[in-house]
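Structure first, then comments.
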């Protein structure tokens, strides 16, 4: 399988997974034009679209893509039924595309119906987790997002986090503001800064990388607890997560 990312809008990535025969799967096409260009350039034959949630920058291109490819299947959560989804999927379902089985993981938080699609090593996680960060809580609660990230963190080390936005640099600046002396975070921040200075992408990343550098996965860490205890004393990791997410909102 071949993984490709198509830049869209200011900082979105539309992921495309293709096989050697040229069949492809498109994830969260917020706009159609760059996808149609890539299809033409690579001579791809689209078989399916995956939608992780209902926001416009993830679903805006579906209608136009379906006009060009009327037989394409669109898999998404119930909240995307009016966005072009032809097959509603939920936690525990399996979807067979390009000869691969993708399992559906419910990850509420950013939206209430947000889902991820997983087929080792690929995790298409939309706006649930970013490199160094996580999605804003537009509909769900901090506890829901905390539990969703725990589900993702339980996947294998070499899972590839295929998230939908290039937010890594700003996420790592925030992480440094919380844990300024952390060696992993400092090293990753330097790497990311160099990549972005050359306008290169930072994604996908491995889950192993995220467990070290994503501060939202580290709310149980002693270093993290000790550092934030200068500002707040919170006993539950989900409470520490909520505090951290609120702090990031105002960063």
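Residue numbers (my numbering): 30 to 280.
Ideal Cβ positions, reconstructed from N, Cα and C, are used throughout, including at glycine.
Query, Result
"Integer-rounded CB distance, given that residue 235 should sit under 8 Å from residue 186", "7 Å"
"Distance, residue 146 Cα to residue 49 Cα", "21 Å"
"Inter-residue Cα distance where the pair is residue 209 and residue 215", "7 Å"
"Rounded separation between residue 51 and residue 35 - CA only", "16 Å"
"Short Cβ contact (8 Å threshold) for residue 175 with residue 46", "no"
"Any beta strand (DSSP E) of 3 or more consecutive residues that is wholly inside the region 166 to 222", "189 to 192"
"Close-in-space but distant-in-sequence residues of the same chain around residue 164 (CB under 6 Å, 5 per side omitted)", "139, 156, 157"
"Best match in 273, 56, 39 for proximity to residue 166 [C-alpha to C-alpha]", "273"
"Which listed residue (228, 189, 84) has its alpha carbon closest to that of residue 239", "189"
"Proximity below 8 Å, CB of residue 193 to CB of residue 57", "yes"
"Three-state secondary structure assigned by DSSP to residue 75", "strand"
"One or two residues paired with residue 116 in a DSSP bridge", "104"
"Reduced DSSP category for residue 258 - H, G, I as helix; E, B as strand; rest coil", "coil"
"Within 8 Å, strictly: CB atoms of residue 99 and residue 117", "no"
"Proximity winner among 62, 252, 182, relative to residue 89 (alpha-carbon distances)", "62"
"Coarse secondary structure for residue 54, derived from DSSP in three states", "strand"
"Best match in 104, 54, 87 for proximity to residue 122 [C-alpha to C-alpha]", "104"
"Proximal residues to residue 72 (C-beta, below 7 Å), its chain only, five neighbours per side dropped", "51"
"Distance, residue 270 Cα to residue 259 Cα", "16 Å"
"Proximity of residue 115 and residue 83 at Cβ, strictly below 8 Å", "no"
"Beta-bridge partners of residue 92, as assigned by DSSP", "Looking at the DSSP assignment, residue 92 forms no beta bridge with any residue, so it has no partner."
"Endpoints, the beta strand (DSSP E) within which residue 135 is located", "129 to 135"
"Run of the beta strand (DSSP E) containing residue 32, from where it starts to where it stops", "31 to 37"
"Residue 251 versus residue 126: straight-line alpha-carbon distance, rounded", "42 Å"
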